[in-house]
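When the letters of the sequence shown are read in order and numbered with the UniProt record's numbering, they come out as residues 1 to 748.
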Amino acid sequence: MDAKGYLQEVGTQVNADFVKNRSILSFEEYLSLFLNDPRAQARNAAQYLRDVMDHFGTQTVPHPTGTIRRFKVFDAEGSERDGRVAGQEEVQNAIYRVLGNFVRAGRINKLILLHGPNGSAKSTLVNALKAGMETYSRHPQGALYRIAWVFPSEKLIKGSIGFGERTDGSGELTTFAHLDAESIDLRMPCELRDHPLFAMPPGERRKVLEAALKKKGLGTGDGESGDFILSDYVRDGELCSKCRRIYTALLNSYNGDWLKVMRHVQVERFYVSRRYQVATVTVEPQMSVDAIVQQITADRTQLNVPAPLHSTVLFEPHGPLVHANRGLIEYADLLKRPLEAFKYLLGFSETSEVPLEPFVLQLDEVLIASSNEKHLGAFKELPDFASFKGRIELVRVPYLRRYRTEQQIYDTQVSATTVGKHVAPHATEVASMWAVLTRLKKPIPDRYPGDVKELIDHVTPVEKLHLYEEGAPPDRLSLANTKELRKLREELFTESDAYPNYEGRVGASAREIKTALFNAAQNPDYKCLNGLAVLEELEAICKDKSVYEYLLQEVMDGYHDHEAFVRMAEAEYLDRVDTEVRESMGLVSEGQYREVVERYIQGVSHWVRGEKMRNRVTGEMEKPDEQRMQEVEAIVMPKGEDAAEFRRGLIASIGAHRLDNPDVAMDYPRIFPDMFKRLRDHYFEERKRVLRKNKENVLKYLSEDRGMLTPREQAQVQSTLKTMAERYGYCEYCAKDAILFLMKKRYA
1 MDAKGYLQEV GTQVNADFVK NRSILSFEEY LSLFLNDPRA QARNAAQYLR DVMDHFGTQT
61 VPHPTGTIRR FKVFDAEGSE RDGRVAGQEE VQNAIYRVLG NFVRAGRINK LILLHGPNGS
121 AKSTLVNALK AGMETYSRHP QGALYRIAWV FPSEKLIKGS IGFGERTDGS GELTTFAHLD
181 AESIDLRMPC ELRDHPLFAM PPGERRKVLE AALKKKGLGT GDGESGDFIL SDYVRDGELC
241 SKCRRIYTAL LNSYNGDWLK VMRHVQVERF YVSRRYQVAT VTVEPQMSVD AIVQQITADR
301 TQLNVPAPLH STVLFEPHGP LVHANRGLIE YADLLKRPLE AFKYLLGFSE TSEVPLEPFV
361 LQLDEVLIAS SNEKHLGAFK ELPDFASFKG RIELVRVPYL RRYRTEQQIY DTQVSATTVG
421 KHVAPHATEV ASMWAVLTRL KKPIPDRYPG DVKELIDHVT PVEKLHLYEE GAPPDRLSLA
481 NTKELRKLRE ELFTESDAYP NYEGRVGASA REIKTALFNA AQNPDYKCLN GLAVLEELEA
541 ICKDKSVYEY LLQEVMDGYH DHEAFVRMAE AEYLDRVDTE VRESMGLVSE GQYREVVERY
601 IQGVSHWVRG EKMRNRVTGE MEKPDEQRMQ EVEAIVMPKG EDAAEFRRGL IASIGAHRLD
661 NPDVAMDYPR IFPDMFKRLR DHYFEERKRV LRKNKENVLK YLSEDRGMLT PREQAQVQST
721 LKTMAERYGY CEYCAKDAIL FLMKKRYA
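Put into structure tokens, the structure is as follows:
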């Protein structure tokens, strides 16, 4: 394709998009658009942001409290790689609820203050909302429009009626909105992006709003006769100072002919943009009020002002508050500013108005601020906090307490591309486990009934880690205690929600862990970023108590013992490597374990019901094989457990699973993970010598001693390494490092 042809093709496409998106409208055309879809065009900023969250949809995800709604806008699909919010579903729902309160109240009357420790994703949450607004504003259902004023050349006004515009029958143009650039002397957009309906007289605007909503079955906008609630801003808002002065000057010039004034109104579609600060702005800590004005008609030689405006003094507002109107403004680290610099928010958050010297700004924007806990605590001690308290909606953003969710942060940002080497299995998982362990608090037994106090008191940090993540109580417990602890999972997770020093307030931040992972990737001793390099980096962090405040916490029954947490993370890493190497060797298939468990449960089921079962060999009806059941129970049943109670408990668990999942096939490894783990461990303990030999062969194969192995042994090793690579993602280097470490720690 030649350059000219390509440019023509691009030009045609741009022009088609411009027309399709209805980028420029006359007031009459906009009114038709409004009447066709009044709900979309009568939204204030809170309603718009809520619709943004609804537009991307929701999904239900597992949570320690059961299940919880997650808003897909925070997945930031197609956005920058670190734009996704991992977890924080409680915060997402809290923001949605607050926006719902604004919608029901018909006004945005509070500032949403996200507070939590440094690096808990406060800014990431807001950035995801902003990205969602940008995307949504480009969809037809997210279209936003603002007002602008067009002044044609005097030659056109004095008699030329061409340019393909409609006329009113007398030869006069009905609108100047679509004139080409050569026919326009001046175009004045509204910096505040005033709603186009503000050009109508207030009384008439209310009538057309109510009539249009009623015609579409949305009631009259009062929230009682329909689902839609008209906001104060759309129903009672007025043109900004500049637009009002232009409107008044034109109305005077045309002797009150409102239709002639409307000829000058051009309705322009605008798109939310973070880069260009359109309807979304981030304000960093600074000293001044976030809006200023400048006079634009002081010197007529600098501006081609039309005759109707010669005696009119016009001012233009500027600043973050102005740029964010009709959208969202974020105050990053609000409380780092001096109190006097944001006192104006006292009135603004309640009235949506900010007084400036020549006039009062009337704004429509959602206010979201962030603060760390230290600054919020100091702010609460100030006398002025009492005034702010009723105008702030506090939303807590703690550190994550589920390591798989924490791992999502690092898996997204730590890759072979970003660190320059292969990322071995479990490298980010080890870091995530340690990070979450540093954030956990010891449960308070006195908050629980007397019969479970001791059970709660003995929950260790790593047991709590797995209880939060998988709902898996420790192996050491009896079946009855296992059930009891599962029931208490939600209460444990929410135990400290009402406390100032809540769980997730203190600990390693995701930023610190990301730095540790990148540092570990530079370790010259390993060709991959593997779990061993990460463990070494975590050990180094534990020694630097002058930098990381959380390391200074008092150790309490194993909690806050960060050096011990490195050993716990190491043990978890070894468990995973051991399991993966065993399974890669193919000594016993997962299907064999499943068959043992299924046959055992089948026997238990008949035993509980007191029924006979068919012998697979003879075909005779017999009592369940007691000896066989006892052999399995010797392996899988916790010590001290009564066999009869254990069997009845298993059947009860299966029944409960069927009730909760009636259409799902029985998945015994998922229902009884502890049982399968004990079976695997028992088998491999019995064959430890064989395992050691096989692992030694792998190490020989990966060294200069490969020739010492027989062809059969080499084939076994090749099969093992192939499975480790295909199923788990190991390369030869990280497989060798992992097996060497495993042999040293567990098979020496």
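All C-beta atoms in this analysis are idealised placements derived from N, C-alpha and C, irrespective of residue type, glycine included.
Source: prediction; values computed, not measured.
With a cutoff of 8 Å on beta-carbon distance, F102 and I95 are scored as not near each other. For H458, no beta strand (DSSP E) run applies, since DSSP gives it neither H nor E. The alpha-carbon of V305 is positioned some 14 Å away from that of Y247. Here V419 has A521, L529 as same chain residues with Cβ atoms under 6 Å from its own Cβ, once five neighbours each way along the sequence are excluded.
Rounded to the nearest whole angstrom, the C-alpha separation of Y548 and G450 is 37 Å. The secondary-structure analysis by DSSP pairs Q362 across a beta bridge with E353. Closest in C-alpha terms to E134, from the list Q408, E77, V397, comes E77.
Counting only runs of at least 4 residues, the stretch 38-75 fully encloses the following alpha helix (DSSP H) elements, listed from N- to C-terminal order: 38-41, 45-55.
Judged by DSSP secondary structure, A148 falls within the beta strand (DSSP E) whose first and last residues are 144-152.
Pairing V98 with L356, the inter-Cα distance amounts to about 29 Å.
Look at Y331 here: in three-state DSSP terms it is strand.
The shortest C-alpha to C-alpha distance from A131 to any of R576, A42, Y276, G640 is the one to Y276. Residue environment: G603 is assigned as buried (16 or more neighbouring CB atoms within 10 Å of its CB, all protein chains considered). Judged by their CB atoms, K110 and S387 are not nearer to each other than the 8 Å cut-off. Straight across, the Cα-Cα distance linking S311 with A249 is about 9 Å.
Just so you know, the alpha carbons of E210 and F379 end up roughly 44 Å apart. Comparing C-alpha distances from V126 to each of L702, S137, L114 shows the shortest one belongs to L114. In this structure, the beta-carbon distance from V436 to V91 does not fall below 8 Å.
Take the alpha-carbon of K215 and the one of Q88: they are about 40 Å apart. Straight through space, the alpha carbons of V459 and L485 are spaced by roughly 9 Å.
Residue pairing by DSSP places E622 opposite M613 in a beta bridge. By the Cβ neighbour-count rule, K736 is buried, with 16 or more other Cβ atoms within 10 Å of its own.
If you look at T282, you'll find it isn't in any alpha helix (DSSP H); it sits in the beta strand (DSSP E) that goes 280-283.
DSSP lists no bridge partner for D660. In the three-state reduction of the DSSP assignment, M666 falls in the coil class. For the options E732, F270, R43, the alpha carbon positioned closest to that of D364 is the one of R43.
Residue pairing by DSSP places E268 opposite I24, R146 in a beta bridge. The beta carbon of L551 is closer than 7 Å to those of C542, K545, H562 in its chain, skipping five residues each way along the sequence. L192 sits away from F151, with the two beta carbons spaced by 8 Å or more. In the three-state DSSP reduction, D222 falls in the strand class (E or B). When rounded, the separation of the alpha-carbon atoms in R658 and E537 is 45 Å.
Annotated three-state conformation of A424 is coil, per DSSP. Counted as a single uninterrupted DSSP element, the beta strand (DSSP E) harbouring L114 occupies residues 111-115. The beta carbon of D194 sits closer than 6 Å to those of I147, L239, C240, C243, all from its chain and outside the five residues before and after it, given in chain order.
In the displayed model, M188 falls within a strand according to three-state DSSP. With a minimum length of 4 residues, the unbroken runs of alpha helix (DSSP H) contained wholly in the stretch 558-596 fall at 562-585.
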